[in-house]
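Here the structure comes first, spelled out in structure tokens, and everything after it is commentary.
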Amino acid sequence: MKKKIKVAIVGIGNCASNLIQGIDYYKNNSDLDIGLMHREVGGYDIGDIEIVVAFDIDEHKVGKDLSEAIFAEPNCTKKICSVSYKGVKVKKGPVLDGWNKHLGKFVKLSNEQPVNVKVELIRSEVDVLVVLLPSGSNDACRFYVEEALKAGISVVNGIPVFLSQDPNIIELAEKNKVAIIGDDFKSQIGGTIFHHTLLNLLKIRGVQVNNSHHINYAGNMDFWNLMTPRGDDKHKSKANGVKSGSEEIDLSVNVTYLENQKDNKTCRIYIEGQNFGGCPVTIEGKLTVVDSANSSGVLVDAIRCLMVAKDNSIYGYLEEPSAYYMKSPKVQMLEDIAYAKVCEFMDM
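Put into structure tokens, the structure is as follows:
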């Protein structure tokens with residue numbers, strides 16, 4: 001019997017809320033696989049994931065049990081199930097660049113003193129750290145990742161801070177015999193993968209794409225944050241994910257914040273090109289999803305891939321899972337190739 005996977009989460013926002021709800025949802029419905037890429041990975045069920053440590057800086061969340069904190073404002077994601085009491089209080093981490101005045105409209109800093117992150121991770125015997133900080137938290141992301149790796153803990157970097165391409169980070173993971181997946185999770189079915197798939201379909205069908213754009217809008221904290229220069233790396237990461245394999249295309253990707261949409265994200269895609277004889281081709285697409293559910297579908301697999309690596313003494317950067325689950329991996333792959341490789345990885 002496989003042991004539980006002990007997980008720490010940095011940033012108890014909408015993505016963390018949906019992930020924690022989802023773990024309970026599938027644990028209580030052990031025969032259900034709707035909405036999952038893999039019910040089991042390397043012998044680990046979703047119900048084997050256990051959140052044992054949580055860090056945040058918001059006064060509405062710090063000090064509360066995780067089962068309560070995930071529903072505290074400004075979180076606004078859809079409630080998919082009731083969540084049992086976890087016995088895990090949200091601890092205050094260092095602020096660093098994880099907050100600014102723009103975020104301060106909704107996020108009030110806790111007056112609690114920050115804890116020693118490395119000590120908390122070791123005390124709880126954490127296996128995997130998941131980074132879900134706001135985009136633009138470059139210093140904070142690096143701090144948490146380095147503390148985890150030094151403590152012998154594997155990492156999923158879910159935000160657009162490009163650590164997987166930093167040789168010092170990879171060397172640190174290898175030195176401490178742990179693994180890292182990154183960077184910036186690719187939604188289970190979001191605008192990036194939808195747009196990327198359409199562009200590659202047109203390419204292999206001989207259609208010349210002249211220009212394309214897509215715009216995403218939602219009303220959650222992620223989109224509020226992306227309206228500032230803190231979102232620059234996110235825009236770059238989304239473009240990386242869309243253009244993989246089609247770098248020559250004239251592409252524009254953008255986001256906007258619409259408060260009343262809450263955690264409901266809409267993506268509108270436009271593609272203009274030419275097929276046989278130079279005849280015009282136009283595609284317009286619309287995708288609507290619960291934004292945070294898109295991250296959870298990816299994270300539950302990525303977490304378990306890190307345990308597969310641990311069980312098989314694989315250390316450093318995990319190329320196959322990163323290519324499949326992340327927008328900005330070190331090596332970009334077409335979806336079918338990345339999928340085949342990650343399935344092979346899981347079957348070790």
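First residue of the sequence shown? That's 1 in the numbering used here, and the numbers climb one at a time after it. Where is the CB? At the ideal position from N, CA and C, for every residue including glycine.
Report the CB separation of residue i from residue j in whole angstroms; it is logged as a contact under 8 angstroms.
i      : j      : result
Asn220 : Lys327 : Asn220 to Lys327, Cβ: 18 angstroms. No contact.
Pro160 : Asp183 : 6 angstroms
Gly42  : Arg304 : 6 angstroms
Ala302 : Tyr339 : In fact, because the Cβ distance is near 14 angstroms, the residues do not count as touching under 8 angstroms.
Pro321 : Ile169 : Pro321 to Ile169, Cβ: 16 angstroms. No contact.
Gly273 : Leu201 : With 8 angstroms as the limit, Gly273 and Leu201 do not qualify as a contact, their Cβ atoms being about 11 angstroms apart.
Please work out which residues of its chain come closer than 6 angstroms, Cβ to Cβ, to residue i, disregarding the five sequence neighbours upstream and downstream, and give them in chain order.
i      : result
Ser67  : Val83, Tyr85, Lys86
Ala69  : Ile12, Lys61, Val90
Ser137 : Asp97, Gly98
Tyr270 : His213, Glu284
Asn18  : Thr77, Ser292, Ala293, Ser296
Val298 : Phe185, Gln188, Tyr325
His102 : Thr228
Ile215 : Asn254, Arg268
Lys286 : Arg268
Ala140 : Leu96, Asp97, Gly98, Leu133
Lys108 : Glu59
Thr266 : Tyr217, Thr288
His38  : Asp301
Ser237 : Pro160, Asp184, Lys327, Ser328
Can you give me the Cβ contacts of residue i inside the same chain, cut-off strictly under 8 angstroms, excluding the 5 residues immediately before and after it?
i      : result
Tyr257 : Tyr217, Ala218, Gly219, Phe223, Trp224, Leu226, Met227
Ser124 : Lys6, Ala8, Val52, Val53
Val309 : In the sequence as displayed, the identity of residue 309 is Ala instead of Val. Only Ser154, Ala179, Tyr315, Leu318 meet the Cβ criterion.
Ile193 : Lys186, Ser187, Gly241, Glu335
Val377 : The structure shown does not extend to residue 377, since the chain is modelled only from 1 through 348, so no value can be given for it.
Phe276 : Gly206
Taking 9 angstroms as the cut-off, decide whether the C-beta atoms of residue i and residue j are in contact.
i      : j      : result
Asp48  : Lys3   : yes
Asn211 : Ser244 : no
Gly316 : Ala151 : no
Ile57  : Val95  : yes
Val130 : Leu199 : no
Ser135 : Lys330 : no
Tyr144 : Ile80  : no
Asp291 : Asp263 : yes
Asp311 : Met346 : no
Asp104 : Phe55  : For the sequence presented, residue 104 should be read as Gly rather than Asp. Contact flag unset, no.
Phe106 : Glu146 : no
Val156 : Val117 : no
Cys15  : Gly190 : no
Lys177 : Ser313 : yes
Ala323 : Val300 : no
With distance defined between alpha-carbon atoms, name the residue in the options nearest to residue i.
i      : options                       : result
Glu59  : Leu287, Asn18, Trp99          : Trp99
Val255 : Cys15, Ser246, Arg230         : Arg230
Val115 : Arg142, Cys141, Gly63         : Gly63
Thr282 : Lys234, Val342, Val209        : Val209
Val10  : Lys27, His235, Arg142, Lys238 : Arg142
Met307 : Lys238, Thr288, Glu40, Asn28  : Glu40
Going along the chain, which residues of its own chain have a beta-carbon closer than 7 angstroms to the beta-carbon of residue i, five neighbours each way excluded?
i      : result
Thr197 : Glu335
Asn260 : Gly219
Ile20  : Ile51, Leu66, Ile70, Val83
Ser110 : Ile57, Asp58, Glu59, Val62, Lys92
Ile337 : none
His195 : His214, Val242, Ile269
Lys234 : Ser135, Pro160, Leu226
Ile122 : Ala151
Buried or exposed for residue i, please, with buried defined as at least 16 other CB atoms from any protein chain shown within 10 angstroms of its CB.
i      : result
Leu132 : buried
Met333 : buried
Lys175 : exposed
Cys279 : exposed
Glu112 : exposed
Asn75  : buried
Gly206 : exposed
Asp33  : exposed
Phe162 : buried
Asp232 : exposed
Glu247 : exposed
Glu120 : buried
Quick check: is any heavy atom of the ligand MN less than 8 angstroms from the C-beta of residue i?
i      : result
Thr228 : This structure lacks the ligand MN, and indeed carries no ligand of any kind.
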